[in-house]
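These protein sequence lines map, in sequence, to chains E and X. Here the first sequence is numbered in our numbering, starting from 10 and rising by one per residue. Here the second sequence is numbered in our numbering, starting from 10 and rising by one per residue. Ideal Cβ positions, reconstructed from N, Cα and C, are used throughout, including at glycine. Nothing here was measured: the structure is a model prediction, and the numbers come from that model.
There are 2 protein chains.
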Amino acid sequence: MTDCVNAFVPGMDVRIEGAAGGPLAGLTFAAKDLFDVAGYPTGGGNPDWQRQNPIPERHARAVRTLLDAGATLVGKTITDEVSLGILGENAFDGTPVNSAAPDRVPGGSSSGSAAAVAAGLCDLALGTDTGGSVRVPASFCGLYGIRPTHGRLDLTGMLPQAPSSDTCGWFARDAATFARAAAVMFGEPVPEALPTRLIVATDAFGFAEPETRAALRPLVDRLAGLIGETREDVMAPPGLSVWGRAQRTLQPAEAWATFKDWVERDNPRFAFNVARGLIMGAGMPESELAWARLMRREARARLDFLLPPGVILCLPTTPFPAPGKNLPLPEQNAVREQILCLCAHGGLAGLPQLSIPGAGVDGAPVGLSIMAARGADMTLAAVARALAET
Amino acid sequence: MTDCVNAFVPGMDVRIEGAAGGPLAGLTFAAKDLFDVAGYPTGGGNPDWQRQNPIPERHARAVRTLLDAGATLVGKTITDEVSLGILGENAFDGTPVNSAAPDRVPGGSSSGSAAAVAAGLCDLALGTDTGGSVRVPASFCGLYGIRPTHGRLDLTGMLPQAPSSDTCGWFARDAATFARAAAVMFGEPVPEALPTRLIVATDAFGFAEPETRAALRPLVDRLAGLIGETREDVMAPPGLSVWGRAQRTLQPAEAWATFKDWVERDNPRFAFNVARGLIMGAGMPESELAWARLMRREARARLDFLLPPGVILCLPTTPFPAPGKNLPLPEQNAVREQILCLCAHGGLAGLPQLSIPGAGVDGAPVGLSIMAARGADMTLAAVARALAET
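Dropping the structure here:
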């Protein structure tokens, strides 16, 4: 297919028709190159990953679900190397173009999936979200993008990174298409009832840049109008930076455990910052890990307390819109750390989160996220659809 | 030219005739791809290095010296990434074949230069030696290979790594050719007089594996017969591992200083272990560096004391012959650390050292090194030539 935005893995033409007559008939989708597609190599965004793995004989579960529901697979998309990245710049495959802000990064690691949907090359695209890899590109590219409840969807055939945080999500351009896919992926209809209370996470809005906070205000107001009862509260009492620290302790250590055997056997090539992340994980002291596990337990308890059924919470998906491309590493690191502070609760607590488009700063999109109780993923679809109709 | 041993940089055909009638007329040479050759990119063994540098308009000084002396340049050779490696395995360009032991690594970082000379593709080849990058491949490939007195040769046009240790050396298959090149490179005739005393470095022989020690014995005996007065002494009273530690503190920190701007601007791709070495250098505490600088001063004083003019010292170039290819990283690291313990004195003290072939273990070459007083590089050529005639 024509790929004017460098969204698809070069040289890998994939097209698999969906089953006839399913609920997603007529829709097309792409899959991040971390998902197995039978008969095609799973590249994982790194030239040395593929050679250690045989070509898969089965589709990943998420791919099969969409195909069985009638959606047609039209390609595999570029990803940050083995999903280690948040900006979407792959030193080997290049940077997928963010159609909504072409001079900025698309966000990652599900960069190609976001770019493909944003450019209209397909209706849906599968991504993975461990530390923000669906939410961030959704925010930066102006898309709907979900991180489901951790543990809810079957991740068979998806390349893992940090299993205690890994999830499988997807992107769509509009709420109706997003909700159609959600009903299939979660096997539940979109509920009629909306939540009855909205919490506005004051610490998260405070962490965002003032322009982003201001840009999201109208969306928050519409959301409040839709839900009714609204109150402000602190999402992370210890500080978003403390939750961020806990996640940036646990996730790299788990990623190292995932990739250690491969790295030590094959000495693969990585962009410098990707190697540095793995090395940081390899050297994480057990004392830090022990603390981070305790903080994760507290984060889960906090969000479960804040979000009983019938309550949703909103926060800026990212503290700012997409930064420019090819930043020097020190600046890139500063940007990444700020982004991860607003994403860490996902990996720590595992609650479902949907980034909703509709705001922008200087013409670049920035998303508003809504979170719901563990397992209430379809509530997010209901809110998104209702909000789009307001 | 035909390159059956993957010695030359792929896709870069270089041939520049030497000046007519010079002292090296009739000889061919190759240059490690860290040396500038006018009109050709200097790749440095890393695909992202080249793009930051314009194509050089002048030859590196060492290249010019050999061309002016009549030798013909026939190619640029593969190197470990920006000279950071000791085994000669480049994840981008592949591993040059060690003709003397084809199932083993060639040694690095001047891997392609050693491979080209060992395979007879040229008579001489320029390399660089910061922490062992000429000495080690000379030992592993069964060649003459020199690390000159630090600071003696003009390094203009040679990609630096750790300037306080960087040197420019070369390989040859026979002592006569080596000595011809030495006379040109150092601008001195081969002296008639041989040294009058030989020191056998007992700590270095003790550090080598027993089979290597035994294999080198006949060469040491011939050398002792040639020189006459022979005594045993300890080269590194604090321990070769302590000198090794000092060098492995200073060199990575200096390499990071050399490459930091590039790395932070371009986020280049590296094999994992290369990135890890740079990161180790980036994080070296000043307290460690301060200690290592003091130890370097002591190492210099020790070797200057041991090696007045007229005295040479011998030691095994490497503790063992070339290891196998594609070792898992933990084993590779263990091998590397052992090798560097026998090489560290070069970077620390800066005395000239020549690795001489002529021994082997299980059919794989291993070299005997001779060292001389600072500036007495040509003494090494005289000894090598005389020894070859015994």
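- Cβ contact annotation for E:Ile64 (same chain, cutoff 6 Å, sequence separation greater than five): Pro50, in chain order.
- With a threshold of 8 Å between beta carbons, E:Ala100 makes contact with chain X.
- Residues of the stretch 230-258 of chain X with a Cβ closer than 9 Å to any Cβ of chain E: none.
- Look at X:Phe38 here: in three-state DSSP terms it is strand.
- Straight across, the Cα-Cα distance linking E:Gly292 with X:Leu316 is about 42 Å.
- Going by DSSP, E:Ser378 is part of no alpha helix (DSSP H) but of the beta strand (DSSP E) stretching over Ala373 to Met380.
- In the three-state scheme derived from DSSP, where H, G and I count as helix and E and B as strand, X:Cys13 is classed as coil.
- Only those residues of the stretch 271-290 of chain X whose C-beta falls short of 8 Å from the nearest C-beta of chain E are listed: Val272, Glu273, Arg274, Asn276, Pro277, Arg278, Phe279, Ala280, Phe281, Asn282, Ala284, Arg285, Leu287 and Ile288.
- The residues Tyr153, Ala184, Phe187, Ala188, Leu363, Ile365 and Ile379, in chain order, have a CB closer than 8 Å to that of E:Ala393 in the same chain once the five nearest residues on each side in sequence are set aside.
- Excluding the 5 residues flanking it on each side, E:Lys334 has same chain C-beta neighbours closer than 8 Å at Glu98, Thr104, Asp112, Arg113 and Val114, in chain order.
- For the C-beta of X:Pro105, not a single chain E residue is nearer than 7 Å; the gap to the nearest is close to 17 Å.
- C-alpha of X:Ala80 to C-alpha of E:Glu66: approximately 57 Å in a straight line.
- For E:Pro337, the chain X residues whose Cβ falls inside 7 Å of its Cβ are Glu273 and Arg274, in order along the chain.
- Note that the C-beta distance between E:Phe268 and X:Arg278 is not below 8 Å.
- Taking the Cα of E:Glu201 as reference, the smallest distance to any Cα among E:Thr11, E:Ala390, E:Thr399 and E:Ala397 is reached at E:Ala390.
- Straight-line measurement puts the Cα of X:Leu96 at about 28 Å from the Cα of X:Arg24.
- DSSP assignment within the stretch 245-299 of chain X yields the following whole alpha helix (DSSP H) runs of 4 residues or more, N-terminal first: 249-275 and 281-291.
- The stretch 341-356 of chain E and the stretch 20-35 of chain X do not touch, with fewer than 3 CB-CB distances between them shorter than 8 Å.
- Close CB contacts of X:Ile321 within its chain, under the 8 Å cut and outside five residues either way in sequence, are with Pro204, Arg206, Leu207, Ile208, Ile236, Ile379, Met380, Ala381, Thr388, Leu389 and Val392 (chain order).
- E:Arg306 counts as exposed, since fewer than 16 other C-beta atoms from the protein chains shown sit within 10 angstroms of its C-beta.
- In the three-state DSSP reduction, X:Leu207 falls in the strand class (E or B).
- If you draw a 10 Å sphere on the C-beta of E:Cys13, you find fewer than 16 other C-beta atoms in it, and that means exposed.
- Under a 10 Å Cβ-count criterion, E:Pro325 is classified as buried, with 16 or more other Cβ atoms of the shown protein chains found around its own Cβ.
- Relative to the Cα of E:Lys41, the nearest Cα in the group E:Ala29, E:Gly160 and E:Pro169 belongs to E:Pro169.
- Between X:Thr86 and X:Ala47, the gap from beta carbon to beta carbon reaches 8 Å or more.
- In this structure, the beta-carbon distance from X:Gly136 to X:Ser119 falls below 8 Å.
- 8 Å or more divides the Cβ of X:Ala213 from the Cβ of X:Asp242.
- In the DSSP assignment, E:Met304 forms no beta bridge with any residue.
- Taking 8 Å as the cut-off, the beta carbon of X:Gly359 is found no closer than this to the beta carbon of X:Thr37.
- With contacts defined as CB atoms closer than 8 Å, E:Val143 and E:Arg156 qualify as a contacting pair.
- When X:Pro318, X:Ala395, X:Val344 and X:Leu377 are compared, the shortest CA-CA separation from X:Arg383 is found for X:Pro318.
- The residues Met387, in chain order, have a CB closer than 7 Å to that of E:Glu197 in the same chain once the five nearest residues on each side in sequence are set aside.
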